[in-house]
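Structure first, then comments.
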Amino acid sequence: MSTYLETTHNVYKEAAITPDVGLCCTTNPIWELPGLKIPKIMQEMNYGCGSTVHARDLTNNPKMLYVGVGGGMELLQFAYFNRQKGGVIGVDVVDEMLEASRRNFIEAEAQNNWFKSEFVDLKKGDALNLPLEDNTIDVAAQNCLFNIFKAEDLKKAIAEMYRVLKPHGRLVMSDPTCEQPMNDTLRNDERLRALCLSGSLPIADYVKALTNAGFGTIEIRARKPYRILDPKHYPTNELIYIESIEVAAIKDPMPEDGPCIFTGKAAIYYGDNDYFDDKKGHVLLKNQPLAICDKTAGALANLKRHDIFISESTYHYDGGGCC
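Counting from 1471, one number per residue, gives the positions in the sequence shown under the working numbering.
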């Protein structure tokens, strides 16, 4: 095991034995769903920087995989949408974290009369070598895990998720991102990497890693403030602003003209006709915003029309787009 992965293992082993509320961003809003109660211990062990639970991903009892189980909170939320034995699979390399989740599920059973621990199948496994067959998962997720990995390991982890997903399956992720380059001291700090801070990538690099793995559609669903690394508390000479990003990568075929990447842009036609048709599958109704991928935004902009408005990226996308 690489030294930085060993450090990561030890950090989360400690956090499993003694819950560490301040380990990561644990102030994320919890899904308010009828009949769903999250035990306090799960909330204290919510070692993530966002949410990977989106109701529109979870229709028709999807087979789900969650890597890096934490205290089991997101596993419980996923199980809400698939109340079948083994409907959700949780994988973690830290024995103590798996055992903590098992204990927390007993508490969850006591508080939720619909929940049974058998809904979640906990497996010992490595994100770089998942213990699952190819093309068996509808929705895979990870929260604040991939930014732990160095470049080659990140490539392997994404490839493993791609491998186990069914065609059109979704990989849903929440990770820190950072636009400023980090100095070598900060970037090589093993404990900061274990906390997924010094491994933060610029959004463009993060998206490229996903499309390089073959994901044909990328949805950026949220981008929000996360942390500041400052010279007083971290080995850096300047303030570094880190954001939390929530992304879905969909195992769609790669289009011949490149991936469809949704960053929250919209097009509005405001001309004299009832609609505008670009003859390439995009119909804009008059004064009705249409969510568009960046590729379509570029193609429409190249038409140089004076009756189509294209918004800037909002980095918030809820589906229903052009592709």
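The beta-carbon is built from N, C-alpha and C at its ideal position, and this holds for glycine as well.
Between which residues of its own chain and residue i is the CB-CB distance below 8 Å, once the five residues before and five after are set aside?
i     : result
N1552 : L1528, N1531, P1532, K1533, M1534, V1558 and F1589
A1549 : G1557, V1558, F1585, F1589 and V1590
E1708 : Q1650 and P1701
Skipping 5 residues on each side, what residues in its chain have a beta carbon closer than 6 Å to that of residue i?
i     : result
N1582 : K1507
P1693 : Looking at the sequence itself, residue 1693 is Arg, so the reference to Pro does not match. These residues qualify, in order along the chain: E1713, I1715 and Y1785.
Y1474 : E1660 and R1663
T1681 : P1729
L1546 : A1578
A1611 : T1522, Y1536 and V1642
V1481 : A1664
Where DSSP assigns a beta bridge to residue i, which residues make up the other side?
i     : result
A1610 : L1535 and L1641
F1779 : I1738
N1599 : D1596
C1648 : I1712
I1450 : Coverage of the chain is limited to positions 1471 through 1793, which leaves residue 1450 absent and any answer about it impossible.
L1475 : The partner list for L1475 (beta bridge, DSSP) is empty, contrary to what the question assumes.
L1671 : T1647
V1590 : V1558
L1635 : I1607
Exposed or buried, which one is residue i when buried takes at least 16 other CB atoms within 10 Å?
i     : result
T1496 : Note that T1496 scores 49 on pLDDT, short of 50, meaning its location in the model is unreliable; the coordinates nonetheless yield the value given after this. Result: buried.
S1644 : buried
Y1740 : exposed
D1608 : buried
N1850 : Only positions 1471 to 1793 of the chain appear in this structure, which leaves residue 1850 out of reach.
Q1554 : exposed
K1774 : exposed
A1419 : Lying outside 1471 to 1793, the shown extent of the chain, residue 1419 is not represented and no answer is given.
N1516 : buried
Using 8 Å for Cβ pairs, my map puts residue i next to residue j. What's the rounded Cβ distance?
i     : j     : result
N1757 : I1778 : Contact doesn't hold; Cβ gap of about 11 Å is too wide.
M1567 : V1523 : Not a contact, Cβ separation roughly 19 Å.
P1637 : N1617 : With 8 Å as the limit, P1637 and N1617 do not qualify as a contact, their Cβ atoms being about 27 Å apart.
G1542 : E1514 : Going by Cβ atoms, the distance from G1542 to E1514 rounds to 12 Å, so no, they are not a contact pair.
G1684 : M1652 : About 28 Å separates the two Cβ atoms, so there is no contact after all.
Y1704 : L1656 : 6 Å
Which same chain residues end up closer than 7 Å to residue i when comparing Cβ atoms and leaving out the 5 residues on each side of it in sequence?
i     : result
L1598 : D1623, K1626, A1627 and E1630
I1690 : I1715, V1717, F1732, T1733, G1734, Y1785 and Y1787
S1781 : K1735 and A1736
(message) Which runs of the alpha helix (DSSP H) at least 4 residues long sit entirely within the segment 1691-1772? Give them in chain order.
(response) 1764-1772
(request) Could you pull out every unbroken alpha helix (DSSP H) segment of at least 4 residues lying fully inside the segment 1496-1573, listed in chain order? (result) 1510-1514 and 1543-1550
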